[in-house]
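Number of protein chains: 2
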Amino acid sequence: MAERNLYLTNLPVEEALGLFTKALEPYRKTDTETVEVIHSLGRVTAEAVYALKNSPLYDSAAMDGVAVVSARTKGAGESAPLTLRQGEDFIPVDTGDPVRPPYDAVIMAEDIQDAGEGAILIRAAAAPWQDIRPVGEDIVQGEMILPGGHKIRPMDVGVLLSGGITAIEARRRPEVAIIPTGTEMIEPGDEIREDSIIESNSRMLEGLVAQGGGVPVRFAPVPDEYDLIKGRLMEAAQRYDMVLICAGTSAGREDYTVHALRELGEVAVHGVAVKPGKPVILAVVSGKPVVGVPGYPVSAFLAYDNFAAPVLEAMTGLRKTSAPVVKAALTRRLVSSLKHREYVRVKVGRIGERLVASPLARGAGAAMSLVRADGFCIIGQDVEGLEAGSEVDVALYRGLDELEGALVSIGSHDLILDVVADLTPRRFPGINVSSTHVGSMGGLLALKSGEAHIAPTHLLDGETGEYNIPAIKELFAGRQMALIKGVGRIQGIMVAKGNPLGVSGIGDLPRCRYVNRQRGAGTRLLLDYRLKAEGIESSAIAGYEREAATHMAVAAAVASGSADAGLGVLSAAKAMELDFVPVGNEEYDFALPAEYLELEQVKAFIQILKSGEFRDKLEELGGYSAERCGEVILVGG
Amino acid sequence: MAERNLYLTNLPVEEALGLFTKALEPYRKTDTETVEVIHSLGRVTAEAVYALKNSPLYDSAAMDGVAVVSARTKGAGESAPLTLRQGEDFIPVDTGDPVRPPYDAVIMAEDIQDAGEGAILIRAAAAPWQDIRPVGEDIVQGEMILPGGHKIRPMDVGVLLSGGITAIEARRRPEVAIIPTGTEMIEPGDEIREDSIIESNSRMLEGLVAQGGGVPVRFAPVPDEYDLIKGRLMEAAQRYDMVLICAGTSAGREDYTVHALRELGEVAVHGVAVKPGKPVILAVVSGKPVVGVPGYPVSAFLAYDNFAAPVLEAMTGLRKTSAPVVKAALTRRLVSSLKHREYVRVKVGRIGERLVASPLARGAGAAMSLVRADGFCIIGQDVEGLEAGSEVDVALYRGLDELEGALVSIGSHDLILDVVADLTPRRFPGINVSSTHVGSMGGLLALKSGEAHIAPTHLLDGETGEYNIPAIKELFAGRQMALIKGVGRIQGIMVAKGNPLGVSGIGDLPRCRYVNRQRGAGTRLLLDYRLKAEGIESSAIAGYEREAATHMAVAAAVASGSADAGLGVLSAAKAMELDFVPVGNEEYDFALPAEYLELEQVKAFIQILKSGEFRDKLEELGGYSAERCGEVILVGG
């Protein structure tokens, strides 16, 4: 086997950043460039800017009216109107017109009366300088308009121009090279081979660099060949202000990055105590910062945020507006390790008086968790874990106002939740559906602990054959609950196109490689119920212990050929172009405490369920019935 | 005289916006266009986006190591190592490599031992599917990646690409025509004629439109000619999605805009109950929204924010993140009118436990107030005024964290405050100097009411000839105060270049047109003190009642020729290239409660005062001495 270099350091973020900053210290400089003011929006001033002109440029009329010589208006009064003659005693002026000696006051149009033949009547004397904007009233020549290090906003552009400035010295925008690596990387739209990975991290990094005020320069993916990687790194470090190199940062057979960087320059850090994102490299080549960004997308995001962003900020002078940090109650226990600080993506919503944070998928590869999250819950390195219900700090990357309008749904997954999440904010701006998938039972438990507004559920009562209501009655005895009817849906066995094993029902599962749902999922309970009915032991099912978290994940396993069969809904089978052997109908509904029926989010949700648009979508997805969809049933209490 | 059209309506903002929206209703549509995902940052999805591919595309190794057939690893244990052979029992894999049948588990590199000749030893059995990322674990084909109406962020770009999406339907970015008008308008850098106005509002509007997600298309300034204005409006409304026409929106002689709009389309509103910014026009031409934006910069900003921004938001689908609203104590009484809602620009800072809001210049022309402000204090139409100290809502346009680091200075003005404000945040990131100029006495009073951290002051005690300390002792009897020594500065009479009237001292002022400072200003007190000493009555000074708010404003009045003389500091005279007749030295210091010496902002401030960089700047400005600059003296207590 090829040599592996297994040893990474495990430095805390601050210590690693400190070493990086120190290594960069000798090369620190601030480049500036001259920028036309009309193109300066968002740029950062390199130095203070002082006005070259007064604004207004001269004493000018503050109102539409006439400019007069104040001394000649003395004596005018309500009962003693005074006649003024144009050209002698007054001249007409519009707002902004210059007022020059001998004129030293303006009388506004509303206070004069036309007396014909170029004469007017006034009924009040004008005080000297009345309704005149003196020269420089707004901006005085020599006055500082903007300090150095200021990010230029639209109003700044206006004032700079008014102050006679046409160009400023601004910090040069740093150019950041982004080098994806990996022989298996393909570009978006390329034909997919059997070991392809669609290169996407560099595109996320392009966006982050652009948002941070840098100019991203993306390279084409470089195959895993030592000389190629080294050459590209050298070229990029010489030419650009900063380099981000993606993947190959760990210590595997083909992780050449660190070796190339050691030859080219100084590696300050290799390995940080962060999860996800341990295999980070922080290096200096040709005096330029180089960040080796791990290949997993969440790791890449965190490596950028923790290490590349601060260095870029120092170059641009743009301080990142710090994310609002809120206190929220954790909905699930989180176990972490003393080996690292962990960044857990969470959904956040307001339930009653408190904010709750539901952890999303924690894997480094869970890019969707970055998309779906409202923020990060950070578990310090000194913390082994956090209990459910404990108060945590969440660094938000969405505005708090957006979260206030969230309908927090925790429970069973169905594709229709995506549809509702799409339709709701479009019809009800400010309201959105935030859902986390933990199975039916997990949802009801979350509801009970006050961590969700609604719980999508499809729980079959083994004794009565009734859906959902018995489970709610049992779990919420004595409490007034409600059930919003959702959809009837067909559950069945998903098998490969053409049903090659000839699966016709539950009885055929013992001869399949099965993929199951997680514990607490209604679909798993349905399987157990049916197995029991048919007298089949779960141990007879190969893959009973193999778990997937959603219908779609089960469908994907079957579609990929790694499993022969899995239980799920028709819409998932259709989405993956699988064959489907119906097993039975079930009721997928939404449980909630009755008092939440008064919430705006819940009202909006019910309206969406009842809408024609939603029903059209169900038709499109297939396998659903919606006769009672949106109907509210009170349960217990 | 030409006809004037004096009558504007006075509609509340919401009512005006309602009429505008209603007039636009028949023409509402959402244009979309196809956008490549790699260029989609910041764009808004027109519809929900569903994944076309799974990610990962196949079952893949989650770690560097070997892929094994789990069944063949049974029995391996710490004391019973098992030998596996490459190609038979295992294949080496790196993170992300596909794992295909018969392989169904991965053992990570750290857990294997090289046994030579392509063999390895393992000391634990592998569970099926261990360390394998199942196909679709992150993104499942058919899953919704983004809902409609979503603004695309960097992580969204990455996930879209991983989900096999290369292009999306996005809302088309609206093109917004911006038409400046006015015969007197010149472009930045053009030669300044005697009635020139540098056209700048359209440039501010360009920035606002760009920040709002639109594409600004600026026209060259159109002279005040009816047919030209009408033609340009028609052209713009036909070709672009929205039109902003600047100035000429009032009811003056040359305010043609409303007449042209009435001929071309429908004027929904002319005149709103807002100050500044009453003369707004809201119209519809060729089905396109047209906003007539008043000519004063603050009015223009508010007209955009109140009327153009919401219409643009409806087109782009980008919801403006609402400005944080904070409660703050007003430092000065504000009188307003029942005729309108007023938007007062304020500086905001934290003094002890509370936030304080200091009103800035209120004029519609005070563009610098937009630049200097931290936010708006909005005085409702039903409120006649607000007392000093009353709690008001301030809509911030700066982050609260920036305000927390502000050293709030209220008092006398000197150019060195600009210099300190420039140097401080550069040397002490996160700390900034926020200063408001109300004169020395006003500053001490603000300090007394707990509205400022420091008060720059130069108050001469008429009896002792001592500066500042007597005034502080008197005003803060019994309280432990401190004085941070500032600069010695030369006050003198500023006169036109060449001193045409031959002014040699205070005694010559009765034969000059004078421009004074506002009541409470130290410089005015100095004048009074000197006049008294020379036995001159203030009524003997023409222009004694003409007030300017800063040294620079006085200098500008003299430079423009509208005054012959004014008292001020040498640096102001130098900045305006005026001659200067010295009258005396004075001490410009900073008063503060002694406990504030412990604040980080104050410590930073003192360090800046003591720095070489600051002293170099003083040298450059001229007229200052800095022997004791930064020295702290305890006063009273």
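Protein chains in written order, with the working numbering: chain P, 3 to 639; chain U, 3 to 639. We put the beta carbon where it would ideally sit given N, CA and C, even for glycine. The structure presented is a predicted model; accordingly, all values stated were derived computationally and were not measured.
(message) In this structure, how does DSSP classify I188/U when only helix, strand and coil are distinguished?
(response) Against the second sequence, residue 188/U aligns to sequence position 186. Reduced to three states, the DSSP call for I188/U is strand.
(request) Could you confirm whether any beta carbon from chain U is found closer than 8 Å to the beta carbon of S562/P? (result) As a working note, residue 562/P is residue 560 in the first sequence. Answer yes: the Cβ-Cβ gap between S562/P and chain U drops below 8 Å somewhere.
(request) Report the residue ranges of all beta strand (DSSP E) runs contained in full by the region 578-631 of chain U; include only those spanning at least 3 residues, in chain order. (result) 581-595
(message) So the candidates are A50/P, G365/P, F22/P, Q143/P; which of them puts its Cα closest to the Cα of A555/U?
(response) Translated into the one-based positions of the second sequence, residue 555/U becomes position 553. Of the candidates A50/P, G365/P, F22/P, Q143/P, the one whose C-alpha sits nearest the C-alpha of A555/U is Q143/P.
(message) For a contact defined as C-beta to C-beta under 9 Å, what are the partners of F592/P on chain U?
(response) As a first step, residue 592/P is located in the first sequence; it is residue number 590 there, counting from the start. Chain U residues near F592/P: none, gap ~18 Å exceeds 9 Å.
(message) Excluding the 5 residues flanking L84/P on each side, which residues of the same chain have their C-beta closer than 6 Å to its C-beta?
(response) Position 82 of the first sequence, counting from 1, holds the residue named residue 84/P. Cβ within range, chain order: A78, I124.
(request) Kindly list, in the order they appear in chain P, the residues whose Cβ is closer than 7 Å to that of Y60/U. (result) Within the second sequence, numbered from 1, the residue matching residue 60/U stands at position 58. Chain P residues near Y60/U: S562.
(message) Once DSSP output is grouped into helix, strand and coil, what is the label at S442/P?
(response) The count along the first sequence starts at 1 and reaches residue 442/P at position 440. S442/P falls in the helix class under three-state DSSP.
(message) So, at 8 Å on beta carbons, what are the nonlocal neighbours of V634/P in its own chain, with the 5 sequence-adjacent residues on each side left out?
(response) Your numbering for residue 634/P matches position 632 in the first sequence. Contacts found: A484, L485, I486, K487, L599, I608.
(message) If the cut-off is 9 Å on Cβ atoms, which residues from the region 135-146 of chain P count as contacting chain U, listed in chain order?
(response) R135, P136, V137, G138, E139, D140, I141, V142, Q143, G144, E145, M146
(request) Please state if the CB of V585/U and the CB of G509/U are separated by a distance shorter than 8 Å. (result) Position 507 of the second sequence, counted from the start, is the residue given in the question as residue 509/U. Position 583 of the second sequence, counted from the start, is the residue given in the question as residue 585/U. Against a cut-off of 8 Å, the Cβ pair of V585/U and G509/U comes out as no contact.
(request) Please go through the same chain and pick out, in chain order, the residues whose beta-carbon is closer than 8 Å to the beta-carbon of R335/U, but skip the five residues on each side of it. (result) In the second sequence, residue 335/U corresponds to position 333, counting from 1. Within the same chain, R335/U has close Cβ partners G387, L388, E389, A390.
(message) Starting from G568/U, trace the beta strand (DSSP E) in both directions and tell me its first and last residue.
(response) Mapped onto the second sequence, residue 568/U falls at position 566. It spans 567-571 - the beta strand (DSSP E) in which G568/U sits, taken as one unbroken run.
(request) Using alpha carbons as the reference points, say which of A262/U, A63/U, T318/U, R220/U lies closest to E35/U. (result) As a first step, residue 35/U is located in the second sequence; it is residue number 33 there, counting from the start. Nearest option by C-alpha distance: T318/U.
(request) Could you spell out the range, first to last residue, of the alpha helix (DSSP H) harbouring L357/U? (result) Residue 357/U sits at position 355 when you count from the first residue of the second sequence. Where L357/U is concerned, there is no enclosing alpha helix (DSSP H), although the beta strand (DSSP E) it sits in stretches over 356-361.
(request) Spatial neighbours of T11/U within its chain, please: CB distance less than 8 Å, with the 5 preceding and 5 following residues excluded, ordered by chain position. (result) Numbered from 1 along the second sequence, position 9 holds the residue referred to as residue 11/U. Counting only Cβ-Cβ distances below 8 Å, and skipping sequence neighbours, we find V271, H272, G273, V274.
(request) Closer than 9 Å, Cβ to Cβ, to anything on chain P: give me those residues from the region 24-39 of chain U, in chain order. (result) E38, V39
(request) Answer with yes or no whether the minimum CB distance from L611/P to chain U is below 8 Å. (result) Here residue 611/P refers to the residue found at position 609 of the first sequence. So no, L611/P is outside the interface.
(message) Assuming the contact rule is C-beta atoms closer than 8 Å, C514/U and A550/U should be a hit. Round their C-beta distance to whole Å, please.
(response) For the purposes of this step, residue 514/U is taken as residue 512 along the second sequence, with counting starting at 1. For the purposes of this step, residue 550/U is taken as residue 548 along the second sequence, with counting starting at 1. 15 Å between Cβ atoms; not a contact.
(message) Going by beta-carbon coordinates alone, are V292/U and V245/U separated by less than 8 Å?
(response) In the second sequence, residue 292/U corresponds to position 290, counting from 1. In the second sequence, residue 245/U corresponds to position 243, counting from 1. Yes; because the gap between Cβ atoms is below 8 Å, this pair is in contact.
(message) For a test of the three-state rule: what should DSSP assign to L485/P, helix, strand or coil?
(response) Here residue 485/P refers to the residue found at position 483 of the first sequence. Note: L485/P maps to strand in three-state DSSP.
(request) Report all residues from its chain with a CB closer than 6 Å to the CB of S288/P; omit the five preceding and five following residues, and keep chain order. (result) Numbered from its first residue, the first sequence carries residue 288/P at position 286. Excluding positions up to five away in sequence, the list reads A239, Q240.
(request) Could you check what DSSP says for D257/P in three-state terms: helix, strand or coil? (result) Stepping through the first sequence from its first residue, residue 257/P is reached at position 255. It is coil, neither helix nor strand.
(message) To the nearest angstrom, how far is the alpha carbon of V348/P from that of A64/U?
(response) Sequence index remark: in the first sequence, residue 348/P carries index 346 (1-based). Sequence index remark: in the second sequence, residue 64/U carries index 62 (1-based). Straight-line Cα distance between these residues: approximately 22 Å.
(request) Could you have a look at K534/U and say whether DSSP puts it in helix, strand or coil? (result) Against the second sequence, residue 534/U aligns to sequence position 532. Residue state, collapsed to three classes: helix.
(request) Starting from E35/U, follow the beta strand (DSSP E) in both directions and report where the run begins and ends. (result) Taking the first residue of the second sequence as 1, we reach residue 35/U at position 33. 34-38 is the span of the beta strand (DSSP E), which, as asked, contains E35/U.
(request) Just mark L533/U as buried or exposed, buried being the case when its beta carbon has 16 or more other beta carbons within 10 Å. (result) For this step, residue 533/U is matched to residue 531 along the second sequence. With 16 or more other Cβ atoms within 10 Å, it is buried.
(request) Within its chain, find whatever has a CB closer than 8 Å to the CB of Q383/P; leave out the 5 residues flanking it on each side and keep chain order. (result) For the purposes of this step, residue 383/P is taken as residue 381 along the first sequence, with counting starting at 1. Excluding sequence neighbours, Q383/P sits near P14, A275, L340, K341, H342, R343.
(message) Counting only Cβ-Cβ distances shorter than 7 Å, please list the residues of the region 189-213 of chain U near chain P, keeping chain order.
(response) P190, G191, I194, E196, D197, S198, I199, I200, S202, N203, R205, M206, G209, L210, A212, Q213
(message) Is there a C-beta anywhere in chain P that falls below 8 Å from the one on M370/U?
(response) As a first step, residue 370/U is located in the second sequence; it is residue number 368 there, counting from the start. So, interface residue.
(request) Pull up the DSSP beta-bridge partners for V348/P, would you. (result) For this step, residue 348/P is matched to residue 346 along the first sequence. The partner list for V348/P (beta bridge, DSSP) reads P361/P, G377/P.
(message) Does chain U have any CB closer than 8 Å to the CB of N56/P?
(response) Position 54 of the first sequence, counted from the first residue, corresponds to residue 56/P. It does; some Cβ of chain U falls within 8 Å.
(message) Strictly under 8 Å for the Cβ-Cβ distance: is L314/P near chain U by that measure?
(response) Locating residue 314/P in the first sequence gives position 312, counting from the first residue. It does not; no Cβ of chain U falls within 8 Å.
(request) Could you check how far apart the C-beta atoms of I93/U and Y105/U are, in whole angstroms? I think they sit under 8 Å. (result) Residue 93/U sits at position 91 when you count from the first residue of the second sequence. Residue 105/U sits at position 103 when you count from the first residue of the second sequence. The Cβ separation is near 7 Å, so the contact holds.
(message) For a test of the three-state rule: what should DSSP assign to K450/P, helix, strand or coil?
(response) Looking up residue 450/P in the first sequence gives position 448. Note: K450/P maps to helix in three-state DSSP.
(request) Would you list, in sequence order, the uninterrupted beta strand (DSSP E) runs of no fewer than 3 residues that lie entirely inside the region 254-334 of chain U? (result) 268-272, 283-287, 290-295, 327-332
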